[in-house]
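Asks: Note that this note's numbering has the sequence shown beginning at 894, numbered continuously upward. Pasting a structure below so you can have a look.
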Amino acid sequence: MDLIIRKLGLVSDRLPKSVAIALTIIGAIKVACILKTAISNAFYKKLCWPLNLSSLYGSYSRVLITEASTAIGQAWAEKFASKNFNLLLVGSNENSLTKLKVSLQLKYKVNIETLVIDLCERDASELVCSFIEEKKLEISVIVNIMKNVQIGKFRTLFNSDGKIEPGAFKEMVNENALNIIQSNIVFSTLVVRSLLPKLATRKYKSAVINCNLNIDSPYSSVYDATKDYLKTFTLRIAKETKKRVDVFSTSYKEGSEKRCVDEAMGSIGRNFEAPKGLKEIFFSH
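Below, the structure is given as structure tokens:
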């Protein structure tokens, strides 16, 4: 090390003074950036990560997760199960829900209920709430994942390979537009409205998390419009219920599901924003 330092000193002696000063400034800026990142990460982990969600929302209370058979739904289910929460998994793919249920029950020893339903159905919110009443489930957290419904002439947003299929708004059929509005606006609004009174009067606090896919596509006009509605809805509900219910929305990109969930979990119940990994996030405080 001493030899390296001596050699660096000799090199600096041979450089013009202005160049040596410039290199020194650049080095100082680089070191400052590294220190800033290290301090920020330490601050975030210290103040956000250790939050005990079981104490906040009630140990072994139940989390309702819609579209639970999707990658983002599975990430949310895994994370809450690991925090000792029971689950109600809602989705249209029965096989995926069953596999997820068996896997998480074996791994975390929590109680899991499943409900197979398509959120595009007009009575979807009523069926979900009726199921909760019949089973006498105590819901503490709602994770509402916006349904990925195609906004063009195709019926689903993703094809068999999981890729987005293009479709212009002018090619959209009315049924498809109604399905998007039904699942992402009507269902989301009514299920929260039906469950909110009990969420706001529990012994523990509660939470509502609205999660959407961040699509960078010119063919997502209706889907993006429903996202804008849900963001506004989230903000207004957050102001109404901030003393008892933590309400926020978040978006994610394909392939970043786990990171999105990890960052959001570190921010629930906080009165400041998480790192930039969350594209849109609005808190209840």
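For every residue, glycine included, the Cβ atom is placed at its ideal position computed from N, Cα and C. In this text the structure is predicted, and so the values were computed from the model without any measurement.
Given a cut-off of 8 Å on the beta-carbon distance, is the pair L980 and V1003 in contact?
Replies: In this structure, L980 places its C-beta atom within 8 Å of the C-beta atom of V1003.
Asks: Under the three-state reduction of DSSP, which class applies to A961: helix, strand or coil?
Replies: coil
Asks: CB V1101 to CB I1130, shorter than 8 Å?
Replies: By the CB criterion at 8 Å, V1101 and I1130 fall inside the cutoff.
Asks: Whether or not the region 979-993 and the region 954-969 are in contact is what I'm after, with contact meaning three or more pairs of Cβ atoms, one per stretch, closer than 8 Å; do they touch?
Replies: yes
Asks: Relative to the C-alpha of A974, which candidate in V995, L1089, E1027 has its C-alpha closest?
Replies: V995
Asks: First and last residue of the alpha helix (DSSP H) that includes K1068?
Replies: The question names Lys, but residue 1068 in the sequence shown is Glu. Here the alpha helix (DSSP H) through E1068 covers 1067-1074.
Asks: What do you get for T959, buried or exposed, if any count of 16 or more other CB atoms within 10 angstroms of its CB means buried?
Replies: buried
Asks: Assign I927 to buried or exposed, taking buried as 16 or more other Cβ atoms, counted over all protein chains shown, within 10 Å of its Cβ.
Replies: exposed
Asks: Should L1083 and I1035 be called a contact, given that it needs their Cβ atoms to be closer than 8 Å?
Replies: no
Asks: What did DSSP end up calling L946 once you bin it into helix, strand or coil?
Replies: helix
Asks: In three-state terms, what does DSSP make of T1143?
Replies: Secondary structure at T1143: strand, using DSSP grouped into helix, strand and coil.
Asks: Near F1080, which residues of its chain fall below 6 Å by C-beta distance, leaving aside the five closest residues on each side in sequence?
Replies: L1012, A1017, S1018
Asks: Which residue comes first and which comes last in the alpha helix (DSSP H) that contains I1025?
Replies: I1025 -> alpha helix (DSSP H) spans 1017-1028.
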